[in-house]
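Some notes on the structure that comes next.
Residue numbers (our numbering): 784 to 1214.
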């Protein structure tokens, strides 16, 4: 590490590990049933019996012949006729996730789980267990011997560089990335290879004649902030290997995302109530997508003028991020529950049973598979326009009205859930 003493720890600074489980789902199945899966090309996918759906993830042996995550199962089978399809078992994956993180906890209390298959570990205060490389090797060996799973570990002075380091040797590698290594290791790479820079940001950087991380590291900060706002300053720091974000053991994914509105007048007309649900669905959908989550359950809240409140919930057929699905579920719940035509004063929608989109096994039939990318592109385009120009810049036909639901769309109204989310995330996510 930079300015390391004889102990291998920096005199001033931190030592962070990033533990990244390799082909986690497939590796778990290999560990549990080696006689069935060891050494074979594997893919975790739904609809195994029908041989349809999409590939959720695949083993390195399958990747070697061109099989990729998100690929149609039938396409994967054409590339790899010997591909073994496995139905997802998320209870099993969570069990192994807890077990590998428990091993990490034995070396430091500062463990931040960022997904089911990766975590950061701050070992700055873990000198009792040896030098940083010894600790990384010990953790990797224990995960391999006790769980039968391979992992890659990055060792660095901050989270960003640790994440970049863990990607350098896969599977089952350990890489050290110091600040002094950044110019010759990272700077020759294209901008898109830096963690946190997506395709769209990379394309915008190219228009500024910034193609490599070295060019980004030496770019004029004013040029970047003029183009990207506060996110531009973050890009400059990241390209120089700077990241002061702490390893946060308390980090926790949202358990639910909700939005309620008190109507300015009592509303009885079902069509007006449906329109409120349309706007509420749109807002919670936006917030869900901003956090990269999917919802399994939709709950509605209804309050009458006498302040009597009821909640009703229904489970969606599959995890979703789409407002139209939340809207249909909410309207169906309301129509079933509120058949008397009594007035309503407050309405709300809460999305529950959330999971990270990257961890989800969304199984699609062929028709849905064609539609899903279009829905996602439309959602992204609408979200980007609203982030830039305001909530009312683009609306569906059902939202065009002067009814009580219009206030929900006003992201400038202080205290609305969407506005608070936007202030928290502004400048930290470009994609």
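Every residue gets a Cβ at the ideal spot worked out from N, C-alpha and C, and that includes glycine.
The model shown is predicted, which means the values in this text are computed figures rather than measured ones.
Got a sec, what are the start and stop residues for the beta strand (DSSP E) residue i sits in?
i	result
residue 939	934-939
residue 1042	1039-1050
residue 898	894-898
residue 904	901-905
residue 918	Element bounds for residue 918: not the beta strand (DSSP E) but the alpha helix (DSSP H), 915-925.
residue 848	Premise fails: residue 848 is in no beta strand (DSSP E) and is neither H nor E.
residue 959	957-959
Check for me: the alpha helix (DSSP H) holding residue i runs from which residue to which?
i	result
residue 1104	No alpha helix (DSSP H) holds residue 1104; DSSP gives it neither H nor E.
residue 813	807-815
residue 986	982-990
residue 1008	1004-1011
residue 1139	Counting along the chain, residue 1139 falls outside any alpha helix (DSSP H), though it belongs to the beta strand (DSSP E) covering 1127-1139.
residue 1277	The question about residue 1277 has no answer, for the chain in this structure spans 784 to 1214.
residue 965	965-968
residue 856	856-862
residue 997	996-1000
In the DSSP assignment, what residue or residues form a beta bridge with residue i?
i	result
residue 827	840 and 869
residue 1098	1080
residue 1064	DSSP, once it has assigned bridges, lists no residue as partnering residue 1064.
residue 804	934
residue 1085	1093 and 1130
residue 973	995
residue 799	905 and 939
Report all residues from its chain with a CB closer than 7 Å to the CB of residue i; omit the five preceding and five following residues, and keep chain order.
i	result
residue 789	Confidence at residue 789 is low in this model, with a pLDDT of 45, below 50, so the placement of that residue should be treated as unreliable; the coordinate-derived value is given next. Around residue 789: no qualifying Cβ.
residue 866	824, 826, 845, 850, 859 and 860
residue 1152	For residue 1152, the pLDDT reaches just 41, beneath the cut-off of 50, and the residue's location in the model is therefore unreliable, leaving the point undetermined.
residue 1172	The predicted model places residue 1172 with a pLDDT of 49, which falls under 50 and marks its position as unreliable; any figure quoted below should be read in that light. Hits under 7 Å: none found.
residue 1204	The predicted position of residue 1204 is uncertain, since its pLDDT is 38 and thus under 50; a value taken from the coordinates is nonetheless stated next. Result list for residue 1204: 1070 and 1073, in chain order.
residue 863	824, 845, 848 and 850
residue 843	806 and 954
residue 1006	991
residue 978	943, 946 and 947
residue 1114	1057 and 1060
Could you check which residue in the options has the C-alpha nearest to that of residue i?
i	options	result
residue 1018	1030, 1032, 896 and 1003	1003
residue 1080	1055, 1118, 1063 and 1040	1040
residue 1049	1126, 886, 842 and 955	1126
residue 883	908, 925 and 857	925
residue 973	987, 1043, 932 and 913	987
residue 964	816, 955 and 997	997
residue 879	862, 888 and 811	811
residue 1089	1059, 1010 and 1129	1129
residue 923	1028, 957, 943 and 1124	957
residue 1093	1117, 993, 873 and 959	1117
residue 1057	1008, 1030 and 1112	1112
residue 934	969, 1052, 951 and 804	804
residue 932	989, 1033 and 901	901
To which residues of the same chain is residue i closer than 6 Å at the C-beta, ignoring the five residues directly before and after it?
i	result
residue 801	903, 937, 945, 946 and 949
residue 912	890 and 918
residue 821	813
residue 796	940
Counting only the same chain and skipping the five closest in sequence on each side, list residues whose C-beta sits under 8 Å from that of residue i.
i	result
residue 792	784, 798, 907, 910, 914 and 915
residue 1010	987 and 991
Inset, instruction - Inspect the CB distances between the region 1093-1101 and the region 1058-1072 and report whether three or more fall short of 8 Å. - result: no
Inset, instruction - Would you check if the region 1075-1090 and the region 1020-1030 touch, i.e. whether three or more CB-CB distances between them fall below 8 Å? - result: no
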